[in-house]
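I have placed the structure first, in the form of structure tokens, so that the comments after it can refer back to it.
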Amino acid sequence: MKKAKVFSDKHYPIGKIDDKIYASFTEHLGRCIYSGLYEPGHPAADENGIRQDVVGLIKELNVPVIRYPGGNFVSCYDWHDGIGPKENRPRRMDYAWSSIETNEFGIDEFCRWAEEAGIEPMIAVNLGTGSIKDAGDLVEYCNHPGGTYWSDLRAKNGHPKPYNVKYWCLGNEMEGNWQAGHLSAEDYAKKALEAAKIMKWVDPSIKLVACGSSYDMLPTYMEWDRVMLPELYNQVDYLSTHHYVMNAGQGLANFLASYKELDNHIKNSVRVIEYVKAKNKFTKDIKICLDEWNVWNFQDIKMDSMSDLSGMTTFELTSAEKWEVAPGILEEKYSLLDSLVLGGMGITLLNNVDTVEIACLAQLINVIAPITTVRGGGVFKQTTYYSFHMLSKYGRGTSMKAAVESETYSSSFGELNLVEPAVVYNEEADEVRVFVLNCSQDEDTALEVELQGYGDRKLKKHLVLAGDDLEARNTIDQPDEVGMKELPVSDGAEVVLPKLSWNVLIYG
Ligand code: AHR
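With numbering that gives the first Met the number 0, letter number 39 in the sequence shown gets 38, and the count goes up by one each step, no holes.
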């Protein structure tokens, strides 16, 4: 058996955990909205076509914010198409995913649902093919109380009360040439600045997110931020970045170490913010909005390198037919291993709460998602549902610094401790919650947790994701192949973490 020790002292917090790190994302992509969230006529759908079986699972995940409507989709989207009587809404070609967008579901349907579900919408505006005026009009439509063209139209469309959408993304992944209307950093800065000005003139209380670098294989990685951020710094509150990790033949240890890859990625965005702040003598701080993160194994995408994306829509690389309505694309089937890796990435989020204020698991339903529906049928939880659920349930309060004493393992990111922890102190429940990824591959690990300054503590609960078959997956027919298990706890100083496991230890 391996041995490891985790130390945490109540005097050393990293920072308060913002609930918004458990946000998520729904895009008009594949079956995320259509036959995911929204399926009129489904036995579980309400009078507005919202599937209540899906809503039940979203509520269980306690997701506070949902980003909408894209993603790559937003750069081709005209929000006007999705308002007013449904029979008048146009069917459009969505270039991003080569699908047909029926526009049956639009901004009103989304905001109304979010309001009912107690979820804050985070809306991305189209800064690719859209205009800065469209962006301002959308803020007016959503947030202005009334007495103007767009706010009165909202009232006419059945919602007199403004939606008061607080979080707004200035486009999506504008650094990439797969984006419709992709811009250079200089041009993005100009357009985003003008959009930001108008949007804030309409509603000064909104919070804005600038599109930062996401993909380190692009030659503009970080250079993009260095160029555009000084122009936008005083207008925005967040810098967006996206990070997906992939099991792509790098070996088990390296894939497990994705938590470190995410940590490096976040720290790069922090460095560029710090550089821009220092260089320009700005005084305020900008936080990171990791508005897309997940494990994404590209099970439905054939791509050898980023250059395959040049000039193509992202969709052209998937297996589906072109110009279908809500094709079943990007429906990843997650394994136990993927859920461990997602849990590891969650540990990284907790250890970076001093800089990351919003993080959106991308996505929520059917597309790269923890929740999978069957059209006209049931719904089940993917393996990744469980690690995200436990993070959201127990990872609230204050994130604490943690030190580790253990053997190490070699990875592409250097020598790493066999166990990767995050420690959370939940003031309300007066509990210390320790999340640990055990990367030991062939032996269990006896872990000692030394808690200083928290008073007398006893291990009350040990929840674990583990199993002999790392390739085990849940399906609609076998929905419980992988799930969280509770292990018995003893009074001993050590707790045994199964090899290759993701654990939540609760000390009361
Ligand atoms: O989440 C799927 C896609 O990934 C989004 O549309 C895009 O922003 C990212 O490249």
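Positions of the beta carbon are idealized from the N, C-alpha and C atoms, including for glycine.
Item: Report yes or no: do three or more beta-carbon pairs, one from the stretch 356-374 and one from the stretch 19-35, lie closer than 8 Å?; Value: yes
Item: Please name the residue, chosen from Pro-487, Leu-238, Gly-250, Glu-230, that lies closest to Asn-267 on a Cα-to-Cα basis.; Value: Leu-238
Item: If you reduce the DSSP assignment to three classes, tell me which class Trp-225 lands in.; Value: Strictly speaking, residue 225 in this sequence is Arg, with Trp absent from that position. Arg-225 falls in the helix class under three-state DSSP.
Item: Is Gly-70 near the ligand AHR, with its Cβ less than 6 Å from a heavy atom?; Value: yes
Item: With DSSP as the reference, label Phe-254 as helix, strand or coil.; Value: helix
Item: Given the structure, does Asn-171 come close to the ligand AHR, in the sense that its CB is under 6 Å from one of the ligand's heavy atoms?; Value: yes
Item: So what does DSSP say about Ala-465, is it helix, strand or coil?; Value: coil
Item: To which residues does DSSP link Tyr-506 through a beta bridge?; Value: Val-431, Leu-458
Item: Between the Cα of Ile-285 and those of Gln-440, Asp-353, Val-244, Lys-301, spot the shortest distance and give me the residue it belongs to.; Value: Asp-353
Item: Closest to Val-208 by CA distance: which of Leu-261, Met-389, Ile-357, Leu-499 is it?; Value: Ile-357
Item: Run through the stretch 318-381 for me and flag every whole alpha helix (DSSP H) of 4 or more residues, listed as ranges in chain order.; Value: 335-350
Item: Cα-Cα, which of Glu-139, Val-138, Met-173 is closest to Cys-75?; Value: Met-173
Item: For the beta strand (DSSP E) that contains Lys-15, what are its first and last residues?; Value: 12-15
Item: Who are the near neighbours of Thr-444 in its chain, counting only those whose CB is closer than 8 Å to its CB and skipping five residues on each side?; Value: Met-0, Lys-1, Lys-2, Ala-3, Ser-405, Leu-417, Val-418, Asn-437, Val-495, Leu-496, Lys-498
Item: When you compare only the Cα positions, how much space is there between Pro-120 and Lys-19?; Value: 11 Å
Item: Leaving aside the five residues before and after Pro-63 along the sequence, list all residues of the same chain whose C-beta is less than 8 Å from its C-beta, in chain order.; Value: Asp-18, Lys-19, Tyr-21, Ala-22, Ile-118, Glu-119
Item: Measure from the alpha carbon of Arg-374 to the alpha carbon of each residue in Pro-39, Ser-7, Thr-347, His-264, then state which is nearest.; Value: Pro-39
Item: Going by C-alpha to C-alpha distance, which of His-264, Val-431, Ala-325 sits closest to Asn-351?; Value: His-264
Item: List the whole-angstrom C-beta distance separating Arg-472 from Ser-386, where the pair is believed to meet the contact cut-off of C-beta under 8 Å.; Value: In fact, because the Cβ distance is near 14 Å, the residues do not count as touching under 8 Å.
Item: Sort out for me which residues DSSP pairs Phe-24 with in a bridge.; Value: Arg-66, Ala-361
Item: Put His-242 into one of helix, strand or coil per three-state DSSP.; Value: strand
Item: Check whether the Cβ of Ala-361 sits closer than 6 Å to any heavy atom of the ligand AHR, and report yes or no.; Value: yes
Item: In three-state terms, what does DSSP make of Arg-153?; Value: helix
Item: Per DSSP, what kind of secondary structure is Thr-407 in: helix, strand or coil?; Value: strand
Item: Where in the stretch 169-237 do unbroken runs of the beta strand (DSSP E), each at least 3 residues long, occur, reported from the N-terminal end onward?; Value: 206-210
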